[in-house]
Amino acid sequence: MENNVILIGSGAREHAIALALKKSGANIISILDKKNPGIIRLSSKVIFKQSLDTDFSWIKNVKADLAVIGPEKPLSLGYADTLETYGIPVVGPYKKPAQIETSKIFARKLMEQYNIPGNPIFFVCENENEVRHALKELNFEAAIKPDGLTGGKGVKITGDHFQDIEQAVDYAMQLIKKDGAVIIEQKLKGTEFTAQAFTDGREIYIMPLVKDYKRAYDNDQGPNTGSMGAISFPDQQLPYISNETLEKTIDIMKKAVQAVKRETGEPYKGIIYGQFMQTINGPFLIEFNARFGDPEAMNVLSLLKTPFIEVAKQITNKTLKKPSFENKATFCLYVVPEGYPENPVKNQPIMIDHEKISQIKNVTLFYGSVNQQDNQILTTSSRTLAILTTAPTLLEARNTAYEAARYIHGKIRFRKDIGKEFL
Ligand code: AMP
Ligand code: GLY
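So that you can map any letter, position 226 of the sequence shown is 227 in the numbering used here, and since no number is skipped, the others follow by simple counting.
In structure tokens, the structure reads:
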């Protein structure tokens, strides 16, 4: 078999998927909505689309054995369903099972209905009375969330984003106007962590745990972003997560995969991502994603020892076996445009001293949202590139990532404190 693989998506996560596919011998046909130079370099064929929409006319021009879907948007549009009607098996859930990410109300109700542990108290509200009731019941310690996809930017939290009840009610009412309903849930307190797993719908295998840094500025200040960095440890666990918490986390994810199948009648296959809060009462689910995290994909795929193409085939054949990962630390540092995320400076050239960076051990650069123009790489309004390092210890991985960052120039910035609390 030739291993021709369609890869959908054009960010740093997809660049990491492309590298893992390429390393395991795949020919990549990439479907891009941005000209990611890293993915283009690894691809045998590139199909450029203005957006990842439901125009599938490109399928007629490709012969593929398999497809991997990176981002949530194509999952929400039913890419997995459509590609399979063309005979191409897909790593990524169908549209209905993907609701575990695309509808927060679906995910919370599923957990409630199937008695899955780790569900915070939540209310689905459709009018002002219900909103006021929910906020009162939660003692104004609440997270207000839109139902659908928002790129990580729609969640607002009392204390952080709202100083009084009226501001919270106003925001909830805006969301109700837009979507017809809003979800108001208990504000969870603790430390967040990411658990990702491969599943073929029957077996589910957890990947190394990752800590993601979402806030824009050092010391977790400023607004939430897509992420500013992420770390993992050589034992594939996190120092603040006990074995008991890990077991509970795996149990929640397993039960969710089973529940989705029972609820929608369709198997959940691909990657399942759980964002958790480690609280004094154990792990609570913040949200599920139906895909790899960005940047968490870079952390775990850099450690994956089993060829990714094998894992992908096992997922689509329903023969998934436990994949193995290296016992190394990983460190991901996102370089973003100055002013990101509020007022990012776009279309600015970035200069990367590849020669100097290649002299540093175990560093990989993954391009995020950039444009290429006349041999120049330009920033966009989103994250520019990720520096990913692996090493025997977190300290070494961290040092080499920050060393590499010195050789990237332009109107860019990055957080200086990623992983600092563990040194
Ligand atoms: P989400 O888009 O659901 O990942 O939410 C974005 C961020 O909001 C999360 O990473 C958390 O930091 C925060 N968040 C979401 N839900 C809650 C919650 N129930 N309690 C506390 N923080 C939350
Ligand atoms: N790192 C968070 C996400 O991918 O949603």
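The C-beta atom is built at its ideal place from N, Cα and C for all residues, glycine as well.
Rounded Cβ spacing between residue i and residue j (contact assumed at less than 8 Å)
{"i": "Ile41", "j": "Ala298", "result": "Not quite, the Cβ-Cβ distance comes to about 18 Å (not below 8 Å), so this is no contact."}
{"i": "Arg416", "j": "Tyr214", "result": "6 Å"}
{"i": "Gly71", "j": "Gly155", "result": "Not a contact, Cβ separation roughly 21 Å."}
{"i": "Asn363", "j": "Thr391", "result": "5 Å"}
{"i": "Ala366", "j": "Lys329", "result": "Correcting the residue identity first, residue 366 is Leu in this sequence and not Ala. No, Leu366 and Lys329 are not in contact; Cβ-Cβ is about 18 Å, not under 8 Å."}
{"i": "Ile145", "j": "Lys157", "result": "5 Å"}
{"i": "Asp148", "j": "Ile106", "result": "5 Å"}
{"i": "Gln197", "j": "Phe293", "result": "6 Å"}
{"i": "Val336", "j": "Leu386", "result": "5 Å"}
{"i": "Thr200", "j": "Leu8", "result": "About 20 Å separates the two Cβ atoms, so there is no contact after all."}
{"i": "Thr331", "j": "Ile232", "result": "7 Å"}
{"i": "Phe141", "j": "Ile117", "result": "About 27 Å; that fails the 8 Å criterion."}
{"i": "Thr381", "j": "Ile413", "result": "Between Ile413 and Thr381 the Cβ distance is about 12 Å, and since that is not below 8 Å, they are no contact."}
{"i": "Ile353", "j": "Ile409", "result": "5 Å"}
Where the alpha helix (DSSP H) through residue i begins and ends
{"i": "Met254", "result": "Asn244 to Thr265"}
{"i": "Gly39", "result": "Pro38 to Leu43"}
{"i": "Gln315", "result": "Phe309 to Asn318"}
{"i": "Val211", "result": "No alpha helix (DSSP H) contains Val211, which DSSP labels as neither H nor E."}
{"i": "Lys46", "result": "Looking at the DSSP string, Lys46 is not in any alpha helix (DSSP H); the run it does join, the beta strand (DSSP E), is Lys46 to Phe49."}
{"i": "Thr83", "result": "Tyr80 to Thr86"}
{"i": "Ile419", "result": "Element bounds for Ile419: n/a, residue is neither H nor E."}
One or two residues paired with residue i in a DSSP bridge
{"i": "Pro235", "result": "Looking at the DSSP assignment, Pro235 forms no beta bridge with any residue, so it has no partner."}
{"i": "Ala330", "result": "Ala392"}
{"i": "Ala143", "result": "Gln187"}
{"i": "Pro284", "result": "Gln279"}
{"i": "Ala68", "result": "Ile7 and Val91"}
{"i": "Leu150", "result": "Partner(s): none; Leu150 has no beta bridge."}
{"i": "Asn225", "result": "Arg216"}
{"i": "Phe194", "result": "Phe277"}
{"i": "Ala387", "result": "Tyr335 and Phe367"}
{"i": "Arg1", "result": "For the chain, the structure presents residues 2 to 424; residue 1 sits outside this window and is missing."}
{"i": "Phe289", "result": "Gly275"}
{"i": "Tyr206", "result": "Phe199"}
{"i": "Ile378", "result": "Ile351 and Gln373"}
{"i": "Phe57", "result": "Note: Phe57 sits in no beta bridge, so no partner."}
{"i": "Ile158", "result": "Ala144"}
{"i": "Leu321", "result": "None, per the DSSP bridge assignment."}
{"i": "Gly12", "result": "For Gly12, which the question treats as bridged, DSSP gives no partner whatsoever."}
Test: residue i CB closer than 9 Å to a CB of chain C
{"i": "Ala173", "result": "The structure shown contains no chain C; it holds only a single protein chain."}
Residue i versus residue j - alpha carbon distance
{"i": "Phe123", "j": "Phe163", "result": "18 Å"}
{"i": "Leu20", "j": "Leu302", "result": "9 Å"}
{"i": "Gly93", "j": "Asn220", "result": "35 Å"}
{"i": "Asp375", "j": "Pro350", "result": "11 Å"}
{"i": "Asn62", "j": "Gly160", "result": "53 Å"}
{"i": "Thr401", "j": "Leu389", "result": "9 Å"}
{"i": "Leu22", "j": "Ser44", "result": "10 Å"}
{"i": "Glu339", "j": "Gly88", "result": "45 Å"}
{"i": "Gly26", "j": "Asn318", "result": "18 Å"}
{"i": "Val261", "j": "Glu204", "result": "14 Å"}
{"i": "Lys36", "j": "Arg263", "result": "40 Å"}
{"i": "Lys97", "j": "Asn290", "result": "13 Å"}
{"i": "Val125", "j": "Ala182", "result": "7 Å"}
{"i": "Phe285", "j": "Gly227", "result": "21 Å"}
{"i": "Trp59", "j": "His16", "result": "21 Å"}
{"i": "Lys64", "j": "Phe57", "result": "14 Å"}
{"i": "Ile272", "j": "Glu85", "result": "17 Å"}
{"i": "Phe309", "j": "Pro209", "result": "15 Å"}
{"i": "Gly288", "j": "Ile101", "result": "Correcting the residue identity first, residue 288 is Glu in this sequence and not Gly. Near 9 Å, if we compare the C-alpha coordinates of Ile101 and Glu288."}
{"i": "Tyr403", "j": "Thr83", "result": "43 Å"}
{"i": "Ala99", "j": "Arg407", "result": "40 Å"}
{"i": "Glu73", "j": "Gly202", "result": "18 Å"}
{"i": "Lys24", "j": "Ala398", "result": "22 Å"}
{"i": "Thr307", "j": "Glu245", "result": "27 Å"}
{"i": "Leu150", "j": "Leu424", "result": "35 Å"}
{"i": "Pro121", "j": "Asn225", "result": "21 Å"}
{"i": "Gly119", "j": "Lys323", "result": "25 Å"}
Continuous beta strand (DSSP E) stretch holding residue i: start and end
{"i": "Asn120", "result": "Note, Asn120: premise wrong, no beta strand (DSSP E); not H, not E."}
{"i": "His410", "result": "Ile409 to Gly411"}
{"i": "Leu33", "result": "Asn28 to Leu33"}
{"i": "Lys105", "result": "Careful: Lys105 lies outside any beta strand (DSSP E), inside the alpha helix (DSSP H) at Lys105 to Gln114."}
{"i": "Lys178", "result": "That residue, Lys178, is in no beta strand (DSSP E); its alpha helix (DSSP H) goes Ile166 to Asp180."}
{"i": "Pro350", "result": "Pro350 to Ile353"}
{"i": "Gln360", "result": "Where Gln360 is concerned, there is no enclosing beta strand (DSSP E), given that its DSSP letter is neither H nor E."}
{"i": "Phe372", "result": "Looking at the sequence shown, residue 372 is not Phe but Asn. Note, Asn372: beta strand (DSSP E), Val371 to Gln374."}
Please determine if the region 299 to 318 and the region 28 to 39 are in contact, where contact requires at least 3 C-beta pairs separated by less than 8 Å. As far as the Cβ criterion goes, the region 299 to 318 does not touch the region 28 to 39, which means the pair count is below three.
Could you say if the region 205 to 213 and the region 157 to 175 meet the contact criterion of at least three C-beta pairs nearer than 8 Å? Touching, no.
The region 179 to 194 in contact with the region 261 to 271 per 3-pair CB rule at 8 Å: By the Cβ test, the region 179 to 194 is not in contact with the region 261 to 271, since fewer than three Cβ pairs between them sit closer than 8 Å.
Check whether the region 43 to 51 touches the region 65 to 82, counting contact only when three or more Cβ pairs, one atom from each stretch, lie closer than 8 Å. No, the region 43 to 51 does not touch the region 65 to 82.
Specify whether the region 106 to 117 and the region 250 to 257 touch according to this definition: at least 3 beta carbon pairs, one from each stretch, less than 8 Å apart. In this structure the region 106 to 117 touches the region 250 to 257; the number of beta carbon pairs closer than 8 Å is three or more.
Does the region 192 to 212 come into contact with the region 272 to 287, if we say contact requires no fewer than three beta-carbon pairs (one atom in each stretch) closer than 8 Å? Cβ pair count under 8 Å is three or more, so yes.
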